[in-house]
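Chemist:
Now the structure itself:
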């Protein structure tokens with residue numbers, strides 16, 4: 394089944410009126426691409442990390458999109474939409490350019506087209522993440538494979554914060570460590586810890602959907618004998634001591650449980666945290682140090698795998714770009730902090 398995508402370039406002022414015109418033309422709903430969301434402070438329930446790219450939004454104005462079943466009358470429908478939009482000025486509504494464009498979209502593309510962009514990616518010295526539908530053959534002797542089927546609701550495991558956490562785990566785990574993954578999401582960090590040699594991993598998340606996703610991925614990767622998944626609010630009611638705690642969630646959430654992390658870790662144990670934007674780095678560092686941690690290392694990475702000058706790394710479809718280790722080499726992006734609980 395084919396659909397016609399109708400896009401209208403307009404103003405914020407005209408969003409409601411344009412949306413109404415599109416719905417009267419037969420659309421059951423609209424998609425609004427408004428660059429204002431790039432400035433928004435997102436409220437989260439489960440410590441989610443939001444990653445929005447300016448490349449997905451117009452540089453000025455707003456794009457309102459609607460989808461209608463493709464038909465021989467679509468050109469006539471577009472003309473009627475154009476006339477209705479230009480007529481809004483009579484009501485004192487500024488529509489900007491009001492430009493209307495038309496594109497054809499196949500329904501199957503919405504469900505599956507994204508998969509062609511999700512390929513095996515080497516994210517650390519030992520870990521490669523691959524989608525379940527790829528027949529990936531390891532290229533290195535010590536390569537460890539994590540298979541994920543993220544669906545449409547969770548990440549692919551290649552977000553900069555996830556990559557940096559996996560790299561920190563790769564460096565920290567030598568064998569038989571005990572690990573807790575706080576805010577486990579898909580369970581990718583728990584699976585990585587298990588494959589790297591941890592003896593036991595507890596994967597915790599407050600979101601029930603995430604818990605089910607993590608359980609599915611843990612079983613898919615043959616790590617259910619090492620990884621246990623449970624619904625839990627951060628480290629509430631969790632006992633230690635353990636060797637490593639990893640948390641890839643928002644900076645504000647990390648600050649809520651740094652003292653619980655110190656309580657749950659062994660003396661000398663590691664607290665690996667990411668999901669922190671560089672602007673919040675100092676706040677997290679201060680909270681960790683106050684709770685009795687010593688920052689031992691930090692990894693940095695830009696949004697969307699870009700370099701400081703905005704250019705792209707080569708071959709990021711196959712190998713995740715290197716972490717930036719010198720804070721002076723990055724102005725803004727993501728940070729992963731590795732902290733050690735001080736000995737008593």
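In this note's numbering, the protein residues as written are 394 to 737. Backbone N, C-alpha and C define an ideal beta-carbon position, used for all residues, glycine too.
(1) Could you name the residues of the same chain whose beta carbon sits closer than 8 Å to that of residue 736, not counting the 5 residues immediately before and after it, in chain order?
(2) Look up residue 484 in the DSSP assignment and say whether it is helix, strand or coil.
(3) Determine the direct distance from the alpha carbon of residue 512 to that of residue 397, and round the result to whole angstroms.
(4) Does residue 644 pass the burial test, meaning 16 or more other C-beta atoms within 10 Å, or should it be called exposed?
(5) Taking the alpha carbon of residue 722 as the point to measure from, which residue in 552, 690, 702 and 472 has its own alpha carbon closest?
(6) Quick check on the DSSP output: what are the complete beta strand (DSSP E) runs of length 3 or more inside the region 534-564, in order along the chain?
(7) Is the region 554-574 touching the region 663-674, taking contact as three or more C-beta pairs under 8 Å?
(8) Hey, could you find the ends of the alpha helix (DSSP H) residue 659 is sitting in?
(9) What are the boundary residues of the beta strand (DSSP E) that residue 595 is part of?
(10) Among 730, 656, 686 and 613, which has the Cα closest to the Cα of residue 670?
(11) From this set, 525, 584, 542 and 521, which residue's C-alpha is nearest residue 534's C-alpha?
(12) Between the alpha carbons of residue 497 and residue 420, how many angstroms are there, rounded?
(13) Assign residue 460 to one of three DSSP states: helix, strand, or coil.
(14) Buried or exposed: residue 411, going by 16 or more other Cβ atoms within 10 Å of its Cβ?
(15) Under three-state DSSP, which class holds residue 399?
(16) Check the C-beta distance from residue 574 over to residue 639 and give it rounded, since I have them as a contact under 8 Å.
(17) For residue 736, name the three-state secondary structure that DSSP assigns.
(18) Near residue 568, what residues of its chain come up, given a Cβ to Cβ distance below 6 Å and the 5 sequence neighbours on each side ignored?
(19) Do you know how far the Cα of residue 549 is from the Cα of residue 581?
(20) For residue 382, count the other beta carbons within 10 Å of its own beta carbon; 16 or more makes it buried, fewer makes it exposed. Which is it?
(21) Please report the Cβ distance between residue 603 and residue 628, rounded to the nearest whole angstrom; I am assuming they are in contact, meaning their Cβ atoms lie under 8 Å.
(22) Quick one: what's got a C-beta closer than 7 Å to residue 517's C-beta in the same chain, skipping five residues either side?
(23) With 16 as the cutoff for other CB atoms within 10 Å, does residue 718 come out buried or exposed?
(24) Please report the Cβ distance between residue 620 and residue 585, rounded to the nearest whole angstrom; I am assuming they are in contact, meaning their Cβ atoms lie under 8 Å.
(25) Does residue 629 come out as helix, strand or coil in the three-state DSSP assignment?
Modeler: From the atom records:
(1) The residue you call residue 736 lines up with position 343 of the chain shown. For residue 736, where only same-chain residues beyond five positions count, the Cβ hits under 8 Å are 660 and 661.
(2) Position 91 of the chain shown, counted from the start, is the residue given in the question as residue 484. DSSP places residue 484 in helix when its eight states are reduced to three.
(3) Residue mapping note: residue 397 aligns to position 4 of the chain shown, counting from 1. Residue mapping note: residue 512 aligns to position 119 of the chain shown, counting from 1. One C-alpha to the other measures close to 29 Å.
(4) In the chain shown, counting from the first residue as 1, residue 644 sits at position 251. Buried: at least 16 other Cβ atoms inside 10 Å.
(5) On the chain shown, position 329 is the one that residue 722 refers to. Out of 552, 690, 702 and 472, 702 has the C-alpha closest to the C-alpha of residue 722.
(6) Runs found: 537-541.
(7) yes
(8) Numbered from its first residue, the chain shown carries residue 659 at position 266. Looking at the DSSP string, residue 659 is not in any alpha helix (DSSP H); the run it does join, the beta strand (DSSP E), is 658-670.
(9) Here the question's residue 595 lines up with position 202 in the chain shown. First-last of the beta strand (DSSP E) with residue 595: 593-598.
(10) One-based indexing of the chain shown puts residue 670 at position 277. Ranking the options by Cα distance to residue 670, first place goes to 730.
(11) On the chain shown, position 141 is the one that residue 534 refers to. Measuring from the Cα of residue 534, the nearest candidate turns out to be 521.
(12) Position 104 of the chain shown, counted from the first residue, corresponds to residue 497. Position 27 of the chain shown, counted from the first residue, corresponds to residue 420. Rounded to whole angstroms, residue 497 to residue 420 spans 15 Å at the Cα level.
(13) Along the chain shown, read from residue 1 onward, the residue named residue 460 stands at position 67. Residue 460: strand per DSSP, three-state reduction.
(14) Your numbering for residue 411 matches position 18 in the chain shown. Burial call: buried.
(15) Locating residue 399 in the chain shown gives position 6, where the first residue counts as 1. Of the three classes helix, strand and coil, the one that applies to residue 399 here is strand, per DSSP.
(16) Within the chain shown, the letter at position 181 stands for residue 574. Within the chain shown, the letter at position 246 stands for residue 639. About 5 Å; that satisfies the 8 Å criterion.
(17) In the chain shown, residue 736 corresponds to position 343, counting from 1. In this structure, residue 736 counts as coil in the three-state DSSP scheme.
(18) Translated into the one-based positions of the chain shown, residue 568 becomes position 175. Around residue 568: 590.
(19) Locating residue 581 in the chain shown gives position 188, where the first residue counts as 1. Locating residue 549 in the chain shown gives position 156, where the first residue counts as 1. Distance between the alpha carbons of residue 581 and residue 549 is about 9 Å.
(20) Residue coverage of the chain in this structure runs from 394 to 737, which leaves residue 382 outside it and unanswerable.
(21) Here the question's residue 603 lines up with position 210 in the chain shown. Here the question's residue 628 lines up with position 235 in the chain shown. So it is not a contact: roughly 16 Å between Cβ atoms.
(22) Within the chain shown, residue 517 is the residue found at index 124, counting from 1. Excluding residues within five positions, the ones whose Cβ falls inside 7 Å are 559, 560 and 563.
(23) Numbered from its first residue, the chain shown carries residue 718 at position 325. That one is exposed.
(24) By 1-based counting over the chain shown, the position of residue 620 is 227. By 1-based counting over the chain shown, the position of residue 585 is 192. Not confirmed; about 10 Å, so no contact.
(25) Within the chain shown, residue 629 is the residue found at index 236, counting from 1. Here residue 629 carries a coil assignment [DSSP, helix/strand/coil].
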